[in-house]
């Protein structure tokens, strides 16, 4: 695949992840940049997403979801073909409250990819990534849906194993 | 209603984002169970479908905050310092429950562990460990 094809593929994955994921859509996520293992996403400020009504500061949980989503896109941006991924762990340090009323950005970088695992660092900020609201470190499992068919989670666990595999 | 129940309802009712994801909580004596009913909006992966990992993290973080609010007399909502989330199983399109254990409360910092499960308490889908700053607890 040529570099422009890969770039186009990354943009399509970002679009599918923002518009096809109901929670990302509900939060209004958009991808500003994607490529070379890096993804920059934005969540617009809304009063419904406030976590501390006394200050109007957006909920930490919204930042958690944004960092997880941006990190996932960074993993896809580090690969040349699509594979299913799943978050193994996510560690977040909250350095300061987000500024009320402002949109929040997250910049994620997939800095290491092995056969089974991807490692990502990410920061959330309003305008300057050097002055972060929060920093995250995450690990993702690659090919997480191996053998699982669409709708696998509609059945009880274990029942899909018998028909999966191969 | 007990004083703790009153505080719990007040705390969750006042957080717009708790309403946004549809989180609730129940108290049995001093034991709180947080409840996240399934709704199509909390899905992250529409193929499986699976609940968004961020929503599970957010749900467990708010479970920790709610547990602190009923266990401690606080003037303000505690501030999250850090959280470490482990994803154990895919969140299926079912009701999710969570319980928090306060491991330590110091003068300024609390350490809380949370576990979330769906059909089986013994098969948790995710866990969270976090530190929280107890602002205004001492003044």
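Residue numbers (the working numbering), protein chains in the order written: chain A, 4 to 169; chain B, 150 to 288.
Think of the CB as a built atom: it goes at the ideal place given N, C-alpha and C, for glycine as much as any other residue.
Exercise. In angstroms with no decimal places, state the Cα-to-Cα distance between residue 288 of chain B and residue 257 of chain B.
Key: Per-residue confidence for residue 288 of chain B stands at a pLDDT of 42, beneath the threshold of 50, marking its modelled position as unreliable; the derived number appears in the next sentence. The straight-line gap from Cα to Cα measures roughly 11 Å.
Exercise. Return the bridge partner residues of residue 245 of chain B from the DSSP annotation.
Key: B:185
Quiz item: For the region 196 to 219 of chain B, which residues have a beta carbon sitting closer than 7 Å to at least one beta carbon of chain A?
Solution: Under the 7 Å Cβ criterion, the region 196 to 219 of chain B contributes 196, 197, 198, 199, 201, 202, 203, 204, 206, 207, 210 and 211.
Quiz item: DSSP puts residue 291 of chain B in a beta bridge; with which residues?
Solution: Because chain B in this structure spans residues 150 to 288, residue 291 of chain B falls outside the shown range and cannot be described.
Quiz item: Secondary structure at residue 269 of chain B, three-state DSSP: helix, strand or coil?
Solution: coil
Quiz item: Name the residues in the region 123 to 134 of chain A whose C-beta lies less than 9 Å from a C-beta of chain B; which are they?
Solution: none
Self-check item: Beta-carbon proximity of residue 213 of chain B to residue 169 of chain B, cut-off 8 Å
Solution: Contact annotation: residue 213 of chain B and residue 169 of chain B have beta-carbon atoms that are not nearer than 8 Å.
Quiz item: Is it buried or exposed for residue 157 of chain A, if we count other Cβ within 10 angstroms and need 16 for buried?
Solution: exposed
Self-check item: For residue 2 of chain A, the nearest candidate out of A:78, A:102 and A:144 (CA to CA)
Solution: Lying before the first or after the last residue shown, residue 2 of chain A is absent from chain A, which here runs from 4 to 169.
Quiz prompt | Three-way DSSP call (helix, strand, coil) for residue 233 of chain B in this model | solution = strand
Exercise. Examine the Cβ distances between the region 218 to 226 of chain B and the region 234 to 244 of chain B and report whether three or more of them are shorter than 8 Å.
Key: Counting C-beta pairs with one atom in each stretch, the region 218 to 226 of chain B and the region 234 to 244 of chain B have fewer than three that are closer than 8 Å, which means they do not touch.
Quiz item: Where residue 222 of chain B and residue 151 of chain B are concerned, what is the direct C-alpha to C-alpha distance, given to the nearest angstrom?
Solution: 15 Å
Exercise. Just grab the DSSP bridge partners of residue 176 of chain B for me.
Key: B:181
Quiz item: When you compare only the Cα positions, how much space is there between residue 132 of chain A and residue 178 of chain B?
Solution: 45 Å
Quiz item: Where does residue 24 of chain A land, buried or exposed, given buried means 16+ other C-beta within 10 angstroms?
Solution: buried
Practice problem: Show which residues of chain B have a CB atom less than 9 Å away from the CB atom of residue 12 of chain A. | Solution: None at all; the shortest Cβ gap to chain B is about 18 Å.
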